[in-house]
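From first to last, the protein sequence lines are chains V and Z. Residue numbers for the first sequence follow the working numbering, so the first one is 1 and each next one is one higher. Residue numbers for the second sequence follow the working numbering, so the first one is 119 and each next one is one higher. Worksheet: one structure, shown below.
There are 2 protein chains.
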Amino acid sequence: MPKIQCSECADTLLPVRDALDVISGKWKLQVIIAIAAGNQRFTEIERSIPGITPKVLNKELKDLEQHYLIKRQVLDTYPVMISYQLTRHAKTLDAVIHMLRDWGKQHRNHIKKQYQQT
Amino acid sequence: MPKIQCSECADTLLPVRDALDVISGKWKLQVIIAIAAGNQRFTEIERSIPGITPKVLNKELKDLEQHYLIKRQVLDTYPVMISYQLTRHAKTLDAVIHMLRDWGKQHRNHIKKQYQQT
DNA sequence: CGGAATCCTCTACGATACTG
DNA sequence: CAGTATCGTAGAGGATTCCG
């Protein structure tokens with residue numbers, strides 16, 4: 001008999017899953033960082049992320065837009081240009097990213113130490 | 119020409135990726151929570167997580183052990199029993215999980231508001 | 001320029017059954 | 001009890017080419 005059913009922690013699991021959906025995957029974070037760094041146009045972003053293909057970038061941009069993390073803007077030029085920019089909502093991710101980065105570093109150190117001991 | 123190359127932020131990307139590797143995926147967090155909740159034995163954990171199969175649980179447990187998040191202990195009984203427990207290192211994940219949960223909640227609210235406006 | 005179309009591979013995850 | 005073995009599926013991501 002299980003001591004505690006996990007159903008009660010849906011209150012934790014669901015939001016965490018929501019958050020992870022937004023930032024996990026191979027490219028999402030790199031795209032966010034690329035735009036945060038000042039790259040606004042499709043090709044600009046594409047070239048700032050080595051290895052990404054236009055198809056994948058396109059999909060990531062759409063995903064991020066659906067999550068209201070970036071805004072797509074059609075510039076009235078000829079030829080038409082597209083500008084992508086982070087929303088205010090996207091900036092609230094900063095703290096999360098920093099925390100993940102710090103824990104990730106600590107984790108890697110921990111692993112290394114354990115490895116040296118054995 | 120890209121304004122800023124993403125290579126410089128490997129210092130962020132790599133640790134974040136390390137952290138995400140540990141907690142992303144459909145089951146990792148549920149397993150951690152199940153063990154934190156007091157389930158120690160394989161079958162106990164299995165029954166506390168609806169829908170998980172032994173094969174998948176086994177893989178997750180091995181992954182978590184490799185990351186030094188849980189410890190596998192063979193109990194000297196007959197028949198032999200196995201006990202899984204969180205390490206001290208695993209507890210350092212708490213802050214990360216709470217942050218993800220909070221941001222996830224806030225994110226869901228944000229989405230809902232935007233949806234109502236349109 | 002900013003994509004869309006097509007085809008492909010690889011890994012996470014699942015169902016079911018079996019074993020020391 | 002604590003797993004393995006086998007088979008199968010879906011989706012993420014990749015390579016290449018083409019389009020308005």
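Yeah, the Cβ is synthetic: ideal placement off N, Cα and C, and Gly gets one too.
Item                                                                                                                   : Value
Reduced DSSP category for V74 (chain V) - H, G, I as helix; E, B as strand; rest coil                                  : strand
W27 (chain V) versus P133 (chain Z): straight-line alpha-carbon distance, rounded                                      : 15 Å
Euclidean distance between Cα positions of S201 (chain Z) and G169 (chain Z)                                           : 21 Å
Chain-ordered chain V contacts of R226 (chain Z) [CB-CB under 8 Å]                                                     : P15 and D18
D129 (chain Z) versus Y186 (chain Z) - alpha carbon distance                                                           : 23 Å
Per DSSP, the bridge partner or partners of S166 (chain Z)                                                             : Partner(s): none; S166 (chain Z) has no beta bridge.
is_contact[V174 (chain Z), chain V] using C-beta, thresh 8 Å                                                           : no
Collapsed DSSP secondary structure at Q85 (chain V) in the structure displayed                                         : strand
Neighbour flag for L182 (chain Z) against chain V, beta carbons, 8 Å                                                   : no
Of the residues Z:V198, Z:Q224 and Z:D181, the one placed nearest V96 (chain V), counting alpha carbons only           : Z:Q224
Integer-rounded CB distance, given that T205 (chain Z) should sit under 8 Å from I229 (chain Z)                        : About 36 Å; that fails the 8 Å criterion.
Residues within the region 63-92 of chain V neighbouring chain Z, beta-carbon criterion of under 8 Å                   : H67, Y68, H89 and T92
Whether V56 (chain V) touches I45 (chain V) by CB criterion (8 Å)                                                      : no
Collapsed DSSP secondary structure at V134 (chain Z) in the structure displayed                                        : helix
S48 (chain V) and A36 (chain V) closer than 8 Å at C-beta                                                              : no
Buried or exposed by the 16-neighbour rule on C-beta atoms within 10 Å, applied to D194 (chain Z)                      : exposed
Counted within 10 angstroms of its Cβ, other Cβ atoms place N109 (chain V) as buried (16 or more) or exposed           : exposed
C-beta neighbour in chain V for K223 (chain Z), strict 8 Å                                                             : yes
Supposed close pair G222 (chain Z), D18 (chain V) - CB separation, criterion 8 Å                                       : 4 Å
Own chain partners of D29 (chain V) with C-beta closer than 6 Å, once the 5 adjacent residues on each side are dropped : A quick correction: the sequence has Leu, not Asp, at residue 29 (chain V). Within the same chain, L29 (chain V) has close Cβ partners I23.
Residue-chain proximity (Q114 (chain V), chain Z), Cβ-Cβ < 8 Å                                                         : yes
Per-residue contacts from L179 (chain Z) into chain V (C-beta, under 7 Å)                                              : The contacting residues do not exist; L179 (chain Z) stays about 15 Å from chain V at best.
Whether Q85 (chain V) touches Q73 (chain V) by CB criterion (8 Å)                                                      : yes
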